[in-house]
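Protein chains in written order, with the numbering used here: chain X, 1 to 205; chain Z, 206 to 410.
Right, one structure below, let's go through it.
2 protein chains.
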Amino acid sequence: MFSLSDAEGSVSASELGRSLGVSTPSVSSMVRKLAALDLVAYVKYQPLKLTASGRKAAALVIRKHRLTEMFLVEKMGFGWEEVHVIAEQVEHVKSPAFFARMDKLLGYPTVDPHGSPIPSPEGTITDLRKHQKLSDRQPGEKVRIVGLAHSSNDFLLYLNERGIALKTALTILRREIYDGSLTVNYDDKKDVVLSKVVADKLLVE
Amino acid sequence: MFSLSDAEGSVSASELGRSLGVSTPSVSSMVRKLAALDLVAYVKYQPLKLTASGRKAAALVIRKHRLTEMFLVEKMGFGWEEVHVIAEQVEHVKSPAFFARMDKLLGYPTVDPHGSPIPSPEGTITDLRKHQKLSDRQPGEKVRIVGLAHSSNDFLLYLNERGIALKTALTILRREIYDGSLTVNYDDKKDVVLSKVVADKLLVE
DNA sequence: TTATAAAGTTAGACTAGTCTAACTTTAAAT
DNA sequence: ATTTAAAGTTAGACTAGTCTAACTTTATAA
Ligand SMILES: [Mn+2]
Ligand SMILES: [Mn+2]
Ligand SMILES: [Mn+2]
Ligand SMILES: [Mn+2]
């Protein structure tokens, strides 16, 4: 629910079910149990919303997920495209000491390997939307990649092939009016063309 | 079942139930499902045994458990008394790559932080019973601690307090006939008395 | 050899989580 | 303002895993 929530913080039962691979009656049934635990604010026939306490619970799991991803990359040598599936499981380990130790060994990082913010131990999360998309910047500008709007496996492999990572410094040379694609330079690469689809998902500053 | 099995490789349903906190009918019911998966050799009213494939499956989970314990101690700085509860959860992560990476970073260890053998990736496990108990050695002998017969939290904390760990070299000074307790020297400690209960659980060579 | 206690199994019930089919509400479109 | 399609809920069924109570088998001891 947390990650599917729109700007108003709500998700439809059908979208949630689709994303979880579960029928809408199952969503309906489970969401009421979560409401009984004060994790979901449930109003019949209305879009689903987390309560404050539900958002906090979600943020704390996301914290464990992102700390794990960071640990896997920084301390265990995995690639950023490998860590999500592993973290998806490790995030469920119940041991504050385990994650506190990761945090300490990593030097209290604020973002995960994909540039997404790591919620605080209190469950507050900084909003990523402050970052701008590469596609919104102008030719002539020099920018640095600080995050990804989405980080699917395909996208990460695409970036790997082109040697694009967090902190890569790009110079924008040209924008194609027709399809919005950008031509950029970075590192020792010259005149690399990035489609609008790609440029929309690269967050820069 | 694996760890409760006796010398003939069998456990009683009641002991298994007690250890798992579950009734004997639940054991009975589950054990037949495991038999259908060829993990348990089930004969009505007879003691329970794992099949070869059940033993292998068990050994592979124990491998993950012990690799995790080793990683937690060696790479994350936990004490040997802290790692079991965490490993009890991490052992269930399904990711060969994750445990393969731990193994590599640790330099392919053969024993866990308590001296218990780590099963091979193929599921073979070396028998710990080749080790001798401290209580079977004689006054005048010098021995080195290589394992623990059991590693409950209380026992580990007891050893911590006395500065006894794996690789500690002990000189046996005296055995009390009455209660079997041993007086030993080690490191800078002199005339330390260890009860028979303790000496039975220290494995040495 | 038989009686009896312990161990194990069967029967039947209950909960959590899921499903499909049928029904109700909401919201979009005439 | 009505109609209708989409979204959501209810009803009822099913599975996995558990329990207690009653029954059966095994093993021990007279
Ligand atoms: Mn992730
Ligand atoms: Mn997960
Ligand atoms: Mn352990
Ligand atoms: Mn476990």
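We put the CB at the ideal spot given by N, CA and C, even for glycine.
Computed from a predicted structure; not experimentally measured.
Closer than 8 Å by beta-carbon distance: list the chain X residues that pair up with residue i, in chain order.
i: E279/Z; result: Here the premise fails: no neighbours, minimum Cβ distance about 12 Å.
i: I291/Z; result: V93, S95, A97, F98
Report the three-state DSSP secondary structure of residue i (helix, strand or coil).
i: D103/X; result: helix
i: A169/X; result: strand
i: D332/Z; result: coil
i: R349/Z; result: strand
i: Y178/X; result: coil
i: Q337/Z; result: strand
i: V298/Z; result: coil
i: K75/X; result: coil
i: L60/X; result: helix
i: D154/X; result: helix
i: S12/X; result: coil
i: D396/Z; result: strand
i: T273/Z; result: helix
i: L209/Z; result: coil
Among the options, which has the Cα closest to the Cα of residue i?
i: L378/Z; options: L407/Z, P344/Z, S357/Z; result: P344/Z
i: A257/Z; options: V348/Z, L265/Z, E279/Z; result: L265/Z
i: R137/X; options: V31/X, L182/X, T24/X, S151/X; result: L182/X
i: G222/Z; options: P322/Z, M307/Z, K394/Z, M206/Z; result: M206/Z
i: L407/Z; options: V351/Z, K395/Z, D396/Z; result: V351/Z
i: A41/X; options: L67/X, E205/X, V198/X, S12/X; result: S12/X
i: P121/X; options: D38/X, D179/X, T171/X, H65/X; result: H65/X
i: Y186/X; options: T168/X, G180/X, D200/X, S195/X; result: T168/X
i: A57/X; options: L134/X, K104/X, G123/X, M102/X; result: G123/X
i: L399/Z; options: S228/Z, L375/Z, P322/Z; result: L375/Z
i: L166/X; options: D179/X, S151/X, S135/X, P25/X; result: S151/X
i: L311/Z; options: M281/Z, S234/Z, I267/Z, E296/Z; result: M281/Z
i: R268/Z; options: P301/Z, K254/Z, Q251/Z; result: P301/Z
i: V192/X; options: H131/X, Q132/X, V184/X; result: V184/X
i: Y45/X; options: S28/X, L34/X, A36/X, L37/X; result: S28/X
Just to confirm my understanding: we take residue i, look at its own chain, exclude 5 residues before and 5 after, and list those with CB closer than 7 Å. What are they?
i: W80/X; result: V73, P113, H114, L156
i: E69/X; result: V83, H84, A87, D112, P113
i: L209/Z; result: V216, E220, L221, S224
i: S23/X; result: G17
i: D411/Z; result: A question about residue 411/Z goes unanswered here, because the residues of chain Z that appear run from 206 up to 410.
i: N153/X; result: E81
Please list, in chain order, the chain X residues whose beta carbon lies closer than 7 Å to that of residue i.
i: L310/Z; result: M76
In chain order, what residues of the same chain have a beta carbon less than 6 Å from the beta carbon of residue i, not counting five sequence neighbours either side?
i: G266/X; result: What is shown of chain X runs 1 to 205, which leaves residue 266/X out entirely.
i: L134/X; result: A199, L202, V204
i: G385/Z; result: K401
i: E141/X; result: I172
Against residue i, what residues of chain Z qualify as contacts under a CB-to-CB distance less than 8 Å, listed in chain order?
i: E82/X; result: A302
i: R101/X; result: M281, G282, F283
i: V61/X; result: In chain order: nothing, as chain Z lies at least about 14 Å away.
What in chain Z is Cβ-close to residue i, meaning under 9 Å?
i: V204/X; result: Within 9 Å Cβ-Cβ: nothing; V204/X doesn't reach chain Z, min ~31 Å.
Return the chain-ordered list of same chain residues with a C-beta closer than 8 Å to the C-beta of residue i, the five sequence neighbours on each side being excluded.
i: A7/X; result: none
- beta strand (DSSP E) runs contained entirely in the stretch 21-55 of chain X, provided each spans 3 or more residues: 48-50
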